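Everything below concerns the one structure shown next.
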Amino acid sequence: MPKMKTKSSAKKRFSIRAGGSIKRGQAFKRHILTKKTTKVKRHLRGSVEVNARDSASVRAMMPYA
8 MPKMKTKSSA KKRFSIRAGG SIKRGQAFKR HILTKKTTKV KRHLRGSVEV
58 NARDSASVRA MMPYA
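Its first residue numbered 8, the sequence shown is counted upward by one per residue in the working numbering.
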């Protein structure tokens with residue numbers, strides 16, 4: 008059997024934590040930041056967990072993670 012390939016886009020965007028949850032970066036933080044308030048930009052900092060409904064599709068893209 009040939010090896011399954013990991014999606015390159017997925018390995019750049021997601022990482023699997025030790026407990027099994029999937030970490031992702033926040034969206035809406037790249038450009039058009041002048042019209043966003045400081046509070047909004049502050050809450051977009053850091054990383055968050057992938058939603059449970061989306062985690063199965065992310066795991067399918069990363070078979071060896």
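All C-beta atoms in this analysis are idealised placements derived from N, C-alpha and C, irrespective of residue type, glycine included.
These figures come from a predicted structure and were not determined experimentally.
Q. What are the residues that DSSP puts in a beta bridge with residue 22?
A. 30
Q | 8 Å contact criterion, which residue 16 and residue 56 should meet: CB distance rounded | A | Actually they are not in contact, since the Cβ atoms of residue 16 and residue 56 sit about 19 Å apart, beyond 8 Å.
**Q.** Pair within 8 Å by beta-carbon distance, residue 54 and residue 32
**A.** yes
Q: Using 10 angstroms around the beta-carbon of residue 21, count the other beta-carbons present and answer buried if the total reaches 16, otherwise exposed.
A: buried
Q | Distance between beta carbons of residue 30 and residue 24, contact taken as under 8 Å | A | 6 Å
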